[in-house]
Amino acid sequence: MNPPAGSRPRAAGRGGRPAVLSRERIVAAAVEILDAEGLEALTMRRLGARLDVAAMSLYRHLPNRDALLTALVGHLFAEAAAEPVPAVPWTEALRLFALAYRRTLLAHPDAVPLLATHPVDVDTGLTLLAGLLERFAASGVARQDALTAVQSVGVYVLGHALAQVGRPPGTRPAAPVADPAVAAFYDEWFEAGLLAMVTGFERRLTA
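Going by this note's numbering, the sequence shown opens with residue 12, and the numbers climb by one from there.
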């Protein structure tokens, strides 16, 4: 017997019940759409279809698309900051953070313009960067100076990623660079700029 017109089958969970909808599940599905179809395709209606639920049910967890984008930005930044910060000098910790952030951005090229235009929530960012900031504090670097260094390096990482995978609005990002020589060029360029920034802050903050 066919279901009534307009009805939508729902993903079954344990015991045949509908799968539980959660903020984490919604954001994970949003990342999948972002990577597969681009930022422009990421609408509440498309997300509902991906999760096999009515779009209105998403608003119980995220009130609008802006809230979804904020959650998505936080999720991706958390991915970049997921690894524990080792007990190393703050200069090395800052370099490791930059490398991890770049890896995340290049793994999600459609997220680059999103993160460039939707900054991470301040409280979320401070929580995720607590380990990195502790490395500065351990060397006696003032918190505001540490924040300036971290934010500056973060902007550099974003800008460099835009140079590598940026695209005009409304178009999909270019395919990942397959030519090893081109990839090596971007890697060397990034490392040179990062070294200059970290060295400059080291001289300024330890003078």
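Glycine is no exception: its CB is placed at the ideal position from the N, C-alpha and C atoms.
Predicted model, so just to flag it, every value in this text is computed and none were measured.
> Taking Cβ positions, are Leu-83 and Ala-118 nearer each other than 9 Å?
Replying inline: Result no, Cβ atoms of Leu-83 and Ala-118 do not sit closer than 9 Å.
> Should the region 55-71 be regarded as contacting the region 84-91, the criterion being three or more beta carbon pairs within less than 8 Å?
Replying inline: Output reads no: the region 84-91 does not touch the region 55-71.
>> Counting beta carbon pairs with one atom in the region 96-109 and one in the region 151-169, are three or more of them shorter than 8 Å?
In response: Enough Cβ pairs lie closer than 8 Å, so yes.
>> Relative to the C-alpha of Val-176, which candidate in Leu-125, Ala-157, Leu-158, Thr-138 has its C-alpha closest?
In response: For Val-176, the nearest C-alpha among the options comes from Leu-125.
> Could you give the C-beta distance for Leu-205 and Ala-109, rounded to a whole number, given that I count them as a contact under 8 Å?
Replying inline: Here Leu-205 really is in contact with Ala-109; their C-beta atoms are around 5 Å apart, less than 8 Å.
> Touching or not, the region 191-200 and the region 119-139, by the rule of three or more beta carbon pairs under 8 Å?
Replying inline: These segments do not touch.
> Which first and last residues belong to the alpha helix (DSSP H) in which Ser-33 is found?
Replying inline: Annotation for Ser-33: no alpha helix (DSSP H) segment contains it, and DSSP assigns it neither H nor E.
>> Can you check which of these residues, Pro-120, Leu-80, Arg-71, Gly-142, is closest to Val-99 by C-alpha distance?
In response: Val-99 has its Cα closest to that of Gly-142, out of Pro-120, Leu-80, Arg-71, Gly-142.
> With C-beta atoms as the reference, is Asp-156 less than 9 Å away from Leu-80?
Replying inline: For Asp-156 and Leu-80, no; Cβs fall outside 9 Å.
>> I'd like to know whether the C-beta atoms of Arg-34 and Leu-73 end up nearer to each other than 9 Å.
In response: Between Arg-34 and Leu-73, the C-beta spacing is below 9 Å.
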